[in-house]
Structure formats: C-alpha cells, structure tokens
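Written below as structure tokens is the structure these notes are about.
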Amino acid sequence: MKFPALFKPLQVGPYKLAHRVAMAPLTRMRAERENFAPRPLNAEYYGQRATKGGLIIAEASPVLSHGRGNPATPGIYSEAQIAGWRKVVDAVHAKGGIIFLQLWHVGRVSHSSYHGGQLPVSASATPRALETAEVKDVVEAFRQGAKNALAAGFDGVEIHGANGYLLEQFLQSRSNQRSDQYGGSIENRARLLLEVTQAAIDVWGANRVGVRLSPHGIANDSGEPDPMPLYTHVVKALDKLGLAYLHFIEPRSSGAGRADVNWQNVPSAMVLFRPLYSGVLMTAGGFTGESANAAIAEGHADIIAFGRIFISNPDLPRRLQHDYPITPYNRATFYGGEEKGYTDYPAYDELTPA
Ligand SMILES: Cc1cc2nc3c(=O)[nH]c(=O)nc-3n(C[C@H](O)[C@H](O)[C@H](O)COP(=O)(O)O)c2cc1C
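Numbered as in this note's numbering, the sequence shown ends at 364 without a single skipped number.
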C-alpha cells in the first residue's frame with residue numbers, strides 16, 4: 011500500500027473509521043428548489059461516495075430559513091427536509107459509511123430576495139446587526155437543527171464556523187463591531203460559536219459533534235487582521251469540550267469553491283494549531299494522496315478531508331489506496347444542475363472493466 015498512514019484505522023467518538031480519507035462538506039445546490047429538501051438524486055450521490063468505515067460530512071445546511079443564501083441548498087428545518095435527508099443517510103449507512111451533517115447560517119452572505127424582502131443579518135450593521143435577544147434565537151436554531159439531524163438518522167453534526175459565514179462574522183473583528191457580550195474582546199467574539207457548539211453537544215454529546223474553522227481564510231470577505239490570538243483562544247476552548255473532531259480549512263485553499271488558485275506562502279492551520287489541540291484533528295485544502303499521507307505520518311493531522319477530487323472520484327478512498335489515477339474535476343458543474351458533474355463521474359472499475 012502506497013499511503014499506509016492514510017489507511018490506518020482511527021476511533022472518532024463512538025465510530026471506528028477504517029481510513030482517514032473523509033469527504034469534505036461540499037455545497038452542490040441540487041436539492042428541491044421549492045422546499046429545499048434533499049432529493050433521491052442527492053441520496054444516489056452520497057451513496058456513491060460512501061465506504062465502509064469512511065466519514066462523509068454532508069454539505070452545509072441552513073438551520074433556519076433566515077440562514078439561507080443560495081438557491082437549492084438543502085435545509086434542516088422542516089419535516090420534508092428531514093425526510094429527504096433520511097434517504098441520504100440510509101444510502102450511506104447501507105454501505106457501512108458514517109455521515110455527519112454540517113449545520114449552517116450564512117449571515118450576511120445572502121440577499122433580501124431570500125427572506126421575503128427582509129435584510130439578511132450579521133454581527134454588525136452590514137446589512138443588519140442581530141439584536142442581543144435574537145442571537146439567542148440563533149443558538150436555539152442550531153439546537154433545533156442538531157435535533158433535526160438526529161431525527162434524520164445522521165451520525166453526528168459539524169458546526170460551520172468557517173468561510174466568512176455567520177459564526178465567523180461574529181468571531182472576526184472586521185465583521186463584528188458589537189458592544190454587547192458578543193462583541194469586543196476575543197472572549198466575547200468567540201461566545202456565539204461556543205454557545206452554538208454547546209447547544210449541539212446538549213443534543214448529541216460532545217463526541218458526536220465537530221467544529222470547522224478557517225483561520226487565515228479570506229472567503230466571503232472574511233479575514234482577521236491578526237488571527238493567532240483569536241484562534242488560539244477558540245482552539246483552546248474547543249479542546250476542553252471533548253469533541254469528535256476539530257476541522258480546519260487550510261488558508262491556501264480558502265477560495266476553493268470559486269477558483270483553482272492555491273495561495274503559496276500562507277501559514278498552515280494544521281501546523282499552527284496541532285500543538286494546541288489534543289483531540290482528533292482534521293484538515294482540508296488541496297491535498298493529494300501523497301501530501302495527505304505525509305501530513306498524517308508527520309503528526310500534523312489525523313484525518314484529511316478531500317473536497318474537489320471527491321466530487322470527480324466517487325471511489326476516492328479506493329483510488330488512493332491502490333494509487334489509481336485521479337479523474338480531474340469540472341468546475342463548471344460544481345453548483346446547480348442535475349446528474350452531469352454530480353452522479354455521472356465513474357468509479358475506476360467502471361473506467362477499466364476487468
Ligand atoms: C463546490 C464546493 C463547495 C463547497 N462547499 C462547502 C461547504 O458547504 N461547507 C464548507 O465548510 N466548505 C465547503 N467547501 C470547501 C471544501 O469543503 C474544502 O475545504 C475545499 O474545497 C478545499 O479542499 P479541496 O482542495 O480538497 O477541494 C466547498 C468547496 C467547493 C469546491
């Protein structure tokens with residue numbers, strides 16, 4: 011085997027992972043357009059990517075209607091959505107896979123057309139600052155999303171604290187000009203993320219909850235001027251909770267959803283924060299089998315999440331295990347549409363019939 015570190019089993023909370031090749035959360039905008047429920051096509055897609063003992067993090071899903079910012083992204087706030095997700099979960103479980111759901115609130119990365127003319131909300135008045143009492147409603151919405159994910163049969167949830175969305179808008183000083191207990195000091199800016207994480211823990215227990223962060227990231231006009239003090243505080247606070255895992259996006263691929271660029275000479279999240287975190291650490295961003303194996307072998311990370319090449323290689327773990335060629339992805343079909351660029355990427359065995 012070429013990448014032995016990548017294929018060493020690992021215990022994550024109550025789950026035994028057979029390998030460390032996780033599927034990163036990937037927004038594909040192919041849910042029902044009217045009620046935002048996952049469709050049978052979505053179940054087929056996730057089922058194709060499931061492996062025995064392999065971890066999938068299902069795409070970011072708004073926990074309430076006001077947390078939306080995109081067409082056809084699946085939600086986790088209605089009965090129809092829970093029922094749709096149950097079919098996705100069943101398809102993954104049928105192959106022995108493990109599936110977490112990423113819980114999402116976009117905050118200001120939205121438009122009033124998604125909210126019946128009402129302004130999107132954020133930490134500050136771009137466009138509208140949440141009232142302190144409304145911040146509590148956000149925590150409760152995440153709690154309900156966590157409950158709904160449990161009802162849908164998921165194996166755990168991941169809190170989306172990355173990529174410039176609501177929780178990161180609160181974390182970072184450029185987007186948070188609040189003067190209540192959720193703004194100002196680092197402790198205050200981290201409060202919402204930690205309250206939301208605790209709400210998910212209340213529902214699931216800590217060992218079935220993950221958190222995703224993108225320190226040094228620049229997605230969606232984010233970017234903390236001096237990330238180390240903020241993220242040192244956050245990572246240390248999360249370390250106390252006994253989570254299933256902490257999940258980073260490497261800054262070099264902060265814009266991966268929109269561009270192919272990999273910024274060079276940027277700090278590595280896993281290298282910076284590994285010494286501060288004692289639990290399972292996952293990271294993502296432009297990894298190949300080679301670099302993923304090296305990151306684990308060198309002790310920088312425990313799991314590598316793959317995004318774009320998991321889109322184009324439904325059998326990615328097997329391809330890496332056998333060092334089979336990797337099919338390139340087509341960026342034009344990332345967001346929206348039907349089967350094309352979604353469920354029609356063949357497995358390696360289908361490319362080369364025996
Ligand atoms: C099409 C697309 C959709 C994405 N959607 C999400 C998402 O829903 N949640 C999230 O945290 N990251 C999302 N990302 C970021 C990926 O999870 C991953 O961190 C990034 O693509 C870097 O990994 P890669 O180089 O292996 O693709 C997305 C990226 C792409 C390309």
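Backbone N, C-alpha and C define an ideal beta-carbon position, used for all residues, glycine too.
From a predicted model like this one, the values you see are computed outputs, not experimental measurements.
Cα-Cα separation, residue i to residue j
{"i": "GLN91", "j": "HIS115", "result": "16 angstroms"}
{"i": "ASN45", "j": "ASN158", "result": "16 angstroms"}
{"i": "ALA247", "j": "GLY79", "result": "29 angstroms"}
{"i": "VAL244", "j": "GLY63", "result": "30 angstroms"}
{"i": "LEU113", "j": "LEU140", "result": "19 angstroms"}
{"i": "THR343", "j": "ASP270", "result": "14 angstroms"}
{"i": "GLN21", "j": "PHE297", "result": "22 angstroms"}
{"i": "GLU260", "j": "THR207", "result": "21 angstroms"}
{"i": "LEU65", "j": "LYS18", "result": "14 angstroms"}
{"i": "TYR25", "j": "ILE108", "result": "8 angstroms"}
{"i": "ASP100", "j": "SER189", "result": "45 angstroms"}
{"i": "LYS350", "j": "GLU42", "result": "16 angstroms"}
{"i": "ALA305", "j": "ALA143", "result": "43 angstroms"}
{"i": "TYR255", "j": "GLY346", "result": "30 angstroms"}
{"i": "LEU251", "j": "ASN217", "result": "9 angstroms"}
{"i": "ARG318", "j": "SER183", "result": "30 angstroms"}
Boundaries (first-last residue) of the beta strand (DSSP E) holding residue i
{"i": "GLN21", "result": "20–22"}
{"i": "LYS26", "result": "25–27"}
Per DSSP, the bridge partner or partners of residue i
{"i": "PHE293", "result": "Looking at the sequence itself, residue 293 is Thr, so the reference to Phe does not match. For THR293, which the question treats as bridged, DSSP gives the partners PHE258 and ILE314."}
{"i": "TRP95", "result": "In DSSP, TRP95 forms no bridge with anything."}
{"i": "ILE108", "result": "LEU65"}
{"i": "HIS170", "result": "ARG222"}
{"i": "ALA32", "result": "ALA315"}
{"i": "LEU176", "result": "In DSSP, LEU176 forms no bridge with anything."}
{"i": "GLU138", "result": "For clarity, residue 138 is Arg in the given sequence; the question names Glu instead. In the DSSP output, where bridge partners are listed per residue, ARG138 has VAL131."}
{"i": "TRP114", "result": "PRO72"}
Among the options, nearest to residue i - alpha-carbon criterion
{"i": "GLU205", "options": "ILE109, ARG188, VAL148 and ASP249", "result": "VAL148"}
{"i": "GLU69", "options": "LEU291, ALA254, SER263 and ARG222", "result": "ARG222"}
{"i": "PRO400", "options": "ASP212, ALA247, THR242 and ARG218", "result": "Any question about residue 400 goes unanswered here, given that the chain covers just 11 to 364."}
{"i": "ARG328", "options": "GLN58, GLN21, ASN173 and LEU36", "result": "GLN58"}
{"i": "GLY220", "options": "HIS170, VAL244 and SER183", "result": "HIS170"}
{"i": "LEU176", "options": "ALA294, ARG138, ALA156 and ALA209", "result": "ARG138"}
{"i": "SER71", "options": "TYR25, VAL167 and PRO50", "result": "VAL167"}
{"i": "TRP273", "options": "SER301, ILE228 and GLU300", "result": "ILE228"}
{"i": "SER232", "options": "PRO285, GLU348 and PHE180", "result": "PHE180"}
{"i": "ARG118", "options": "LEU253, ALA53, LEU111 and SER134", "result": "SER134"}
{"i": "ILE336", "options": "GLU300, GLY85 and GLY346", "result": "GLU300"}
{"i": "LYS12", "options": "ALA357, GLU349 and ALA302", "result": "ALA302"}
{"i": "ARG38", "options": "ASN340, GLY155, GLY289 and SER123", "result": "ASN340"}
{"i": "GLY77", "options": "THR61, LEU16 and HIS121", "result": "HIS121"}
{"i": "MET33", "options": "PHE152, GLY23, GLY265 and ILE314", "result": "ILE314"}
{"i": "THR353", "options": "PRO50, GLY23 and PRO35", "result": "PRO50"}
{"i": "LEU286", "options": "MET238, LEU326, SER263 and PRO324", "result": "MET238"}
Boundaries (first-last residue) of the alpha helix (DSSP H) holding residue i
{"i": "ILE66", "result": "Element bounds for ILE66: not the alpha helix (DSSP H) but the beta strand (DSSP E), 65–72."}
{"i": "GLN208", "result": "196–214"}
{"i": "ASP190", "result": "It is not in any alpha helix (DSSP H) - ASP190 carries neither H nor E in the DSSP assignment."}
{"i": "VAL276", "result": "Segment: none, VAL276 is in no alpha helix (DSSP H) and carries neither H nor E."}
{"i": "TYR241", "result": "237–249"}
{"i": "ARG328", "result": "326–332"}
{"i": "ALA304", "result": "299–307"}
{"i": "ARG59", "result": "50–59"}
Touching or not, the region 122–129 and the region 180–194, by the rule of three or more beta carbon pairs under 8 angstroms? The answer is no - the region 180–194 does not touch the region 122–129, with fewer than three Cβ pairs under 8 angstroms.
Are there three or more Cβ pairs, one per stretch, closer than 8 angstroms when the region 305–319 is compared with the region 277–286? Yes, the region 305–319 touches the region 277–286.
Touch test, the region 91–107 against the region 161–178, Cβ-Cβ under 8 angstroms, three pairs minimum: Result yes; three or more Cβ-Cβ pairs closer than 8 angstroms.
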